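Take a look at the structure below.
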Ligand code: OGA
Ligand code: MN
């Protein structure tokens with residue numbers, strides 16, 4: 035089963051690519067829920083929060099369970115993932131925050147690490163893609179690195195694909211796109227300082 039593969043991969047390497055996490059029918063239903071009022075994405079937290087177009091130029095919209103059944107079903111699936119990860123890896127994942135992200139022609143997100151500076155409570159990152167018929171020439175690949183800057187993977191943002199990785203260990207970037215690219219980026223957080231560190235071999 036794929037959730038076993040997820041647990042295995044997180045334990046041994048800290049990241050996993052789960053293709054066909056949702057069917058193409060589910061993807062198109064989810065796409066139909068995407069709101070029209072996007073806001074410029076920011077970088078940092080609270081008083082540090084800034085919109086920095088030099089770092090990222092995508093637009094976002096936070097998921098809310100009242101956006102419709104496809105969205106609440108998605109959030110339910112992510113909660114199942116959370117429980118499974120906690121059951122096997124004892125990460126103490128507590129809640130999930132997620133946003134739709136839209137990249138238009140020329141948009142990108144420079145290399146970054148997902149947890150906030152000075153605050154390490156984003157433990158596990160998920161990125162789910164909603165792009166049917168994505169072609170190499172559309173760009174927009176997710177490039178993943180380890181903390182020694184070795185390239186680990188370059189992934190197409192294709193519909194149905196879910197990428198999962200430990201937030202603190204994998205710098206990553208979104209290469210510029212030549213056409214619209216839509217995803218749902220999300221983070222499982224721990225409650226304050228609780229939660230365990232998963233020490234993967236590196
Ligand atoms: C992010 C992010 C990756 C992607 O939103 O933090 O890194 O492939 N997204 O969309
Ligand atoms: Mn990121």
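Residue numbers (this note's numbering): 35 to 236. From the three backbone atoms N, C-alpha and C, an ideal C-beta is built for every residue, glycine too. A quick note: this is a predicted structure, and the numbers were derived from the prediction, not measured.
With DSSP as the reference, please indicate the residues paired to residue 178 in a beta bridge. 187 and 206
So what does DSSP say about residue 229, is it helix, strand or coil? Its pLDDT being 49, under 50, residue 229 is placed unreliably by the model, and the measurement read from it follows with that caveat. Coil at residue 229, not helix or strand.
On the three-state DSSP scale, how would you describe residue 147? coil
Relative to the C-alpha of residue 40, which candidate in 199, 222, 220 and 100 has its C-alpha closest? 199
Can you have a look at residue 163 and say buried or exposed, based on whether 16 or more other CB atoms are within 10 angstroms of its CB? Buried, by the Cβ-count rule.
Residues around the ligand OGA, please: the condition is that the C-beta lies closer than 6 Å to some non-hydrogen atom of it. 135, 143, 148, 161, 176, 191, 206, 208, 217 and 219
Backbone CA spacing between residue 65 and residue 76 [nearest angstrom]: So the alpha carbons of these two residues sit roughly 23 Å apart.
Cβ neighbour criterion (16 or more within 10 Å) applied to residue 193: buried
Cutoff 6 Å; reference residue 235; Cβ partners in own chain excluding five residues on either side: Confidence in residue 235 is poor, its pLDDT being 47 and thus under 50, which makes the residue's placement too unreliable to answer from.
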